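The listed protein sequences correspond, in order, to chains A and B.
This note's numbering applies: residue 15 is where the first sequence begins, and numbers increase by one.
This note's numbering applies: residue 15 is where the second sequence begins, and numbers increase by one.
C-beta atoms are modelled at their ideal positions from N, C-alpha and C, and glycine is treated no differently.
This structure is a prediction, so every number in the text was calculated from the model and none was measured.
Protein chains: 2
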Amino acid sequence: MSTTAPRGAAPPSGTDLRALDAWWRAANYLAVGQIYLMDNPLLREPLVPAHIKPRLLGHWGTTPGLTFLWAHLNRVIVRDDLDALYVTGPGHGGPGVVATAYLEGTYTERYAHITDDAEGLQALFRQFSFPGGIPSHAAPETPGSIHEGGELGYALSHAYGAAFDNPDLLVACVIGDGEAETGPLAGSWQANKFLHPVNDGTVLPVLHLNGYKIANSTVLARIPQDELLRQLEGHGHRPYVVEGGFADENGQSEDPMAVHERMASTLDEIVAEIARIRADAKEQFDAEGRVDRPRWPMLVLRTPKGWTGPHEVDGKLVEGTWRAHQVPLSETRDNDAHRAQLEQWLRSYRPDELFDGEGRLVPALRALSPRGAKRMSATPHANGGELLRDLRLPDFTDYAVDVPEPGSGPVGTTAVLGTWLRDVIRMNPDNFRMMAPDETASNRLQAVFEATDRQFVGESAATDEGVSQVGRVTEVLSEHLCQGWLEGYLLTGRHGLFNCYEAFIHLVDSMFNQHAKWLDACRDIPWRRPIASLTYLLTSHVWRQDHNGFSHQDPGFIDHVLNKKPQIVRAYLPPDANTLLSTMDHCLRTRNYVNVVVAGKQPGPQWLTMDEAVAHCTRGLGIWDWASNCGNEEPDVVLGCAGDVPTLEAVAAVSLLRRHLPELKIRLVNVVDIMRLQDEREHPHGLSHPEFDGIFTTDRPVIFAYHGYPWLIHRLTYRRANHANIHVRGYKEEGTTTTPFDMVMLNDLDRFHLVIDVIDRVPGLAVKHAELRQFMVDERLRCRRHTRQYGEDAPDVADWVWPG
Amino acid sequence: MSTTAPRGAAPPSGTDLRALDAWWRAANYLAVGQIYLMDNPLLREPLVPAHIKPRLLGHWGTTPGLTFLWAHLNRVIVRDDLDALYVTGPGHGGPGVVATAYLEGTYTERYAHITDDAEGLQALFRQFSFPGGIPSHAAPETPGSIHEGGELGYALSHAYGAAFDNPDLLVACVIGDGEAETGPLAGSWQANKFLHPVNDGTVLPVLHLNGYKIANSTVLARIPQDELLRQLEGHGHRPYVVEGGFADENGQSEDPMAVHERMASTLDEIVAEIARIRADAKEQFDAEGRVDRPRWPMLVLRTPKGWTGPHEVDGKLVEGTWRAHQVPLSETRDNDAHRAQLEQWLRSYRPDELFDGEGRLVPALRALSPRGAKRMSATPHANGGELLRDLRLPDFTDYAVDVPEPGSGPVGTTAVLGTWLRDVIRMNPDNFRMMAPDETASNRLQAVFEATDRQFVGESAATDEGVSQVGRVTEVLSEHLCQGWLEGYLLTGRHGLFNCYEAFIHLVDSMFNQHAKWLDACRDIPWRRPIASLTYLLTSHVWRQDHNGFSHQDPGFIDHVLNKKPQIVRAYLPPDANTLLSTMDHCLRTRNYVNVVVAGKQPGPQWLTMDEAVAHCTRGLGIWDWASNCGNEEPDVVLGCAGDVPTLEAVAAVSLLRRHLPELKIRLVNVVDIMRLQDEREHPHGLSHPEFDGIFTTDRPVIFAYHGYPWLIHRLTYRRANHANIHVRGYKEEGTTTTPFDMVMLNDLDRFHLVIDVIDRVPGLAVKHAELRQFMVDERLRCRRHTRQYGEDAPDVADWVWPG
């Protein structure tokens with residue numbers, strides 16, 4: 015919202031509100047029509063069973079509140095020429111937001127077959143929750159939506175993500191009182207301490223208290239209003255309340271016109287207050303370079319669940335109760351009384367006043383919608399690809415680590431990446447953000463703080479470092495909020511990166527699910543323009559939780575991610591700094607994916623020069639000739655590895671083998687792009703069988719050292735010819751607070767055990783080299799004893815070349 | 015806490031607080047010792063490098079606050095003979111709670127080698143974060159803990175879970191201001207609306223505002239105090255504030271004695287207020303059968319991070335900043351100045367006053383601890399197995415569905431389970447609870463409301479159904495809160511069940527991880543007595559999201575669960591009501607597991623009589639002879655199935671095959687216990703290879719219809735001889751709001767496709783029966799067309815026997 019936007023001084027006239035009410039009735043009529051009608055969309059004939067859908071699906075309860083707010087926002091959008099985005103927390107109310115998009119003309123623009131006439135109306139009704147049609151919720155298919163109405167909890171974090179770096183945008187965010195009970199939503203209230211009142215946009219939270227969930231009252235509707243307001247004030251807001259539409263003791267509902275009047279004047283106050291806050295902040299920022307944190311207004315909208323719907327059904331109260339949640343009249347095909355009540359309900363909106371003979375919204379109501387991109391259903395912010403600019407990326411090869419020979423270093427891999435990210439931030443000052451749960455420094459990306467700070471608009475202290483009111487890093491100790499912010503930021507056409515401890519990214523498993531499903535659905539929606547991928551950098555990983563131990567060890571996010579559509583998901587395990595740079599440069603250029611990149615933060619050996627790294631990452635996996643000794647011949651054994659720590663152990667195992675068994679022909683294969691292991695018919699990155707067989711052979715033992723749970727490698731390779739010979743070591747839930755080498759030993763991933771595995775698997779070695787095998791067993795014991803006695807690793811295991 | 019507990023009237027005398035301060039100093043000394051010392055535990059000689067651990071691990075910052083609160087709670091526990099449990103939200107402060115357990119003597123009772131003398135002290139210090147020792151956090155190894163100090167967010171929900179049905183228990187719950195930023199914690203504040211002030215215990219939240227996380231200030235420490243208090247009041251609390259210990263502008267810290275005095279008098283007020291609230295509630299409840307919701311007291315404890323530690327290191331402020339988070343002096347082996355500062359720090363606690371010549375805590379301080387089970391480190395509530403009583407379970411066979419022949423019904427499977435659960439609730443009125451995110455009725459378990467209500471202590475309304483102030487079902491729209499409550503309830507020795515939509519259980523993936531890791535660690539801790547398993551009933555599953563579509567479809571929780579230790583995790587897919595009853599009866603009797611049970615809520619065909627169901631569930635999988643036609647002969651094809659919908663499709667496919675290809679020898683295998691598929695060396699429930707081969711053959715095609723992601727079956731069976739012939743159908747992320755049969759068709763799991771799979775896989779059939787194959791293709795098209803036209807399934811697919 016522009017700080018200089020004009021605003022109307024007088025409260026809206028009665029005439030305005032009559033028209034607004036008619037527009038609202040039209041939206042509600044269309045919503046009910048979508049839930050119930052197959053035919054007879056304008057009720058030009060009496061309702062008969064054949065007009066009614068066989069399966070009644072959808073959620074009525076929240077719908078009238080959503081359309082009510084939409085209608086009122088339209089009034090101020092038109093008057094003040096606002097840019098607004100509508101985030102539908104109660105996404106179940108799909109019929110409502112589909113209806114408003116249709117009334118604004120956007121639906122017909124997006125879907126030509128849903129015409130602006132009676133036939134289009136019938137198609138609109140029929141397609142809703144109908145096989146081959148559209149889902150029942152606000153969804154990617156819904157114009158104006160950035161928010162799937164499935165899992166609850168993310169409306170407010172999405173809204174704040176959308177508002178970052180969009181100073182002219184007003185994001186109205188409806189929060190259902192059901193959603194308000196979720197943890198992620200409850201944690202999102204604090205987001206207002208991160209929003210800058212000059213550089214970022216405005217979020218207007220609307221807590222829609224309709225009192226009920228599926229089967230139960232809501233908590234916030236059942237505490238005294240002063241306690242509720244105190245809580246909202248404690249979240250840093252100035253809450254306004256609009257309440258109305260309830261029935262009196264005779265069952266007589268309050269005239270909606272009275273509620274419209276209260277809503278309109280309250281919204282005028284709120285819009286004025288937002289303009290004042292922004293103007294004051296601008297003035298202060300220009301003068302002092304800082305701002306006082308505003309107490310942003312918010313709205314509590316208390317209306318009956320299923321408002322304007324059937325008040326009673328079969329003698330039971332419906333309006334204003336949980337019974338209005340889904341379909342209030344459920345037997346309208348077979349039960350004549352239900353059908354009559356449905357017809358009466360539909361006619362109560364007076365469709366003949368709203369639609370002309372052709373079935374088109376009458377001109378007086380058409381005139382109420384904003385124009386073009388000002389329509390909330392058509393705003394490009396809700397189709398972020400329309401606004402997406404390419405990132406300006408510094409040449410990552412300029413940040414290369416010098417690798418005079420394989421195994422040089424040690425170098426901190428993520429620290430190197432941090433220098434590149436620092437310059438990404440510098441080159442993209444208004445459309446790239448990094449999110450993290452207070453871990454950017456812990457994850458060794460601290461170079462970014464040479465270019466920027468953590469953005470925080472709460473109080474500051476002299477001891478703060480790397481924190482200021484303006485910054486490109488947004489950190490809060492909530493993975494949910496980080497994920498929601500980033501999703502909102504990406505969905506509105508910007509770029510970002512989420513860095514996180516590997517184990518705790520599981521906190522957002524379910525949020526990832528919803529985002530991946532959103533991206534998947536968008537593949538079939540031509541008007542949805544591609545958005546930047548959601549890229550995770552997972553570090554502080556399973557093998558190096560030196561401080562924290564067992565509770566911080568879980569490498570299973572990749573397993574979870576790979577359950578989603580192959581067209582959407584990517585996973586990379588770069589083994590060193592140059593491969594990490596190359597991988598991340600690629601990921602930040604991609605669209606419509608979820609990229610998972612796992613890389614350690616502890617200094618480690620470096621394997622590839624930048625040229626080699628680029629070639630290796632382009633292939634996604636490859637034979638490391640310098641570590642192999644089989645040349646072009648078929649090897650006796652293949653050692654595979656993926657991930658930095660397993661790569662170190664595999665290379666060290668090769669070093670041991672080449673010293674002790676120089677005649678053994680070994681091939682070392684490193685995998686960066688884990689999806690290369692899968693069949694090309696299963697994943698677009700998959701290798702063909704001949705390619706795979708050329709690398710892993712069809713009949714030689716493969717000892718594979720993997721970063722995560724070992725069965726993932728089997729899941730990816732079970733169709734390969736050589737699968738029966740693939741033997742995987744990885745994390746098997748053995749861990750505690752101990753040394754790095756003890757960790758790999760606990761899980762049998764250590765170099766000695768890999769050598770034992772080779773001896774056990776290559777025919778003939780076990781008998782011939784029993785002594786060497788025993789030596790490896792003894793080496794493990796020696797290392798364990800050293801660690802138990804001195805509390806640190808034996809010094810020789812820090813290296814990858816075994817002393818000759 | 016007993017409502018009749020006596021309480022001291024006068025504020026504590028100065029002498030008391032001097033001793034309390036000494037006890038606190040002893041705890042802090044032991045904490046610092048654990049982080050740093052290998053030797054010289056009593057500083058009887060000057061500190062030299064060899065006394066210091068080579069790897070300095072642990073978190074000092076939160077520790078002095080934890081020990082401070084513990085010391086003060088001990089004072090009122092002793093005085094008022096309270097039963098108290100301490101939940102350490104900032105579990106990083108492991109050294110603190112290990113120290114208090116040692117000072118109370120519990121540590122030595124639990125671990126005989128950690129003796130009560132100088133040698134024991136040295137062992138105590140050495141083992142901390144040391145290979146072969148104990149983890150750095152509060153953990154299962156820590157006496158008195160029910161809460162792993164790893165992932166943050168669950169302290170308060172655990173505390174409420176512990177308090178349910180424990181009217182005499184006071185649960186003090188420390189919430190770090192970092193943890194307070196997480197979504198799950200933020201959502202937990204509302205839990206006080208669910209706690210009954212007569213039947214349940216008391217939770218005393220202590221918000222420990224030390225201002226910093228790892229690298230950053232905390233949000234709640236950077237808002238004005240009146241805003242914070244308003245928020246806490248808005249959460250329904252009466253907050254008390256104790257602030258102190260901060261340095262003045264000269265770096266001079268406030269005398270801790272002054273802080274002790276404020277803390278002691280405030281805690282007296284709080285304890286008195288709790289007693290008053292409980293007494294008043296009891297009186298009101300006895301008189302009116304209802305209570306007014308109390309405004310429970312809580313404490314805001316604002317002290318410096320790393321209080322009493324090094325104030326500055328190398329010229330940089332440490333105490334009171336994020337630099338105190340982990341190890342404030344990091345180079346104490348090599349840097350003489352650091353080591354001198356460490357020695358000075360340790361000596362500042364005046365160890366010679368605290369420990370006698372033997373290294374034993376001096377008698378005056380020993381006397382301050384409560385006795386026996388009153389010690390928070392020794393309370394049986396923190397070792398719930400000590401309190402666990404077996405559930406009284408009604409004979410589940412009495413609830414059997416009559417199954418005159420396979421395929422009878424349809425019957426709603428979870429509705430039948432509901433009748434049994436209703437009686438489980440009746441027979442266990444004080445130690446069994448059901449948790450759900452507002453879904454118990456939606457999941458068709460509504461029979462339980464014949465026996466009980468949803469417990470809610472907020473406002474009530476005339477329209478409420480199944481809600482009252484006392485009830486055994488606790489519902490809130492937060493999976494996190496449900497999971498946290500149940501974990502807290504189980505860990506303190508009770509029983510429960512979590513029912514949830516299948517897709518959204520991913521919300522608690524990470525909480526499950528932590529609980530499973532807790533259970534795994536407990537296997538190695540002899541004094542930890544077994545607790546009841548955590549059992550999930552996942553319903554409203556992927557195949558029947560008729561209302562909600564794609565966003566509600568994710569059967570991957572089993573995949574996630576199976577990454578944890580096989581000794582801990584179990585997964586069951588009962589295909590009908592009798593098998594669900596048998597499965598659930600088994601699960602509720604088990605200990606120390608996580609049981610995942612997946613079963614649909616929609617009416618479906620019933621396959622097994624109760625006798626057959628018991629036998630089938632006991633085996634975990636089995637051949638269904640009535641559906642097979644191969645007798646004792648080797649079949650031409652095996653149809654496997656797991657899950658209710660896949661079982662229906664597999665049986666219908668067999669019906670089609672037997673009609674059209676009567677000569678084909680078919681074996682139908684149903685799997686309830688999915689872990690039976692795995693190798694017996696991998697999972698305790700796994701079949702041996704000969705057993706598996708006896709059922710699935712070594713060389714015949716197996717067409718497996720699975721409930722979830724198909725690759726899970728490959729992951730479980732890749733070592734089986736016949737693996738290359740196993741062909742799995744399952745959910746492959748195809749879905750929308752559509753009909754049930756359209757859903758299985760979208761994912762190629764339908765009966766027609768299974769028949770096509772059989773034709774394609776059994777040698778010779780494809781050529782010979784090309785016409786039949788085409789017929790199946792046409793049948794699919796016919797069904798799809800019907801659905802697209804009429805919005806419902808073709809009527810014939812509702813049945814499992816194909817019309818002859």
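Can you give me the C-alpha to C-alpha distance between residue i and residue j, rounded to a whole angstrom?
i: B/Ala-301; j: B/Asp-182; result: 21 Å
i: B/Ser-554; j: B/Gly-722; result: 13 Å
i: A/Pro-253; j: A/Tyr-168; result: 21 Å
i: A/Gln-616; j: B/Leu-246; result: 40 Å
i: A/Thr-623; j: A/Arg-714; result: 30 Å
i: B/Met-441; j: B/Glu-748; result: 43 Å
i: A/Val-742; j: B/Glu-696; result: 14 Å
i: B/Thr-488; j: A/Leu-242; result: 22 Å
i: A/Trp-557; j: A/Pro-754; result: 7 Å
i: A/Ile-49; j: A/Gly-163; result: 16 Å
Classify residue i as helix, strand or coil using the three-state DSSP reduction.
i: A/Ile-545; result: coil
i: A/Trp-899; result: Outside the modelled stretch of chain A, which goes from 15 to 818, sits residue 899 of chain A, for which no answer is possible.
i: A/Val-815; result: coil
i: B/Ala-14; result: With chain B running from 15 to 818 in the structure shown, residue 14 of chain B is simply not present.
i: A/Ile-637; result: strand
i: A/Ser-279; result: helix
Can you list, in chain order, the residues of its chain whose CB lies under 6 Å from that of residue i, leaving out five sequence neighbours each side?
i: A/Ala-23; result: With a pLDDT of only 43 at A/Ala-23, under the threshold of 50, the placement of this residue in the model should not be trusted; the figure read from the coordinates follows. Excluding sequence neighbours, A/Ala-23 sits near nothing in its chain.
i: B/Ser-422; result: Gln-620
i: A/Gly-426; result: Arg-458 and Pro-617
i: B/His-800; result: Ala-808
i: A/Ala-414; result: Asn-592 and Met-624
Are the beta-carbon atoms belonging to residue i and residue j less than 7 Å from one another?
i: A/Pro-154; j: A/Cys-536; result: yes
i: B/Val-481; j: A/Glu-195; result: no
i: B/Arg-236; j: B/Gly-399; result: no
i: A/Ser-383; j: A/Glu-123; result: no
i: B/Thr-751; j: B/Ala-735; result: no
i: B/Ala-465; j: B/Arg-447; result: no
Any idea which residues DSSP pairs residue i with across the strands?
i: B/Met-448; result: B/Val-487 and B/Leu-511
i: B/Cys-644; result: Its beta-bridge partners do not exist; DSSP assigns none.
i: B/His-741; result: B/Ile-717
Considering only residues of the same chain and omitting the five flanking positions on each side of residue i, which have a CB-CB separation below 8 Å?
i: B/Lys-330; result: Arg-337
To which residues of the same chain is residue i closer than 7 Å at the C-beta, ignoring the five residues directly before and after it?
i: A/Pro-324; result: Val-332, Glu-333, Pro-342, Leu-343, Gln-355 and Trp-359
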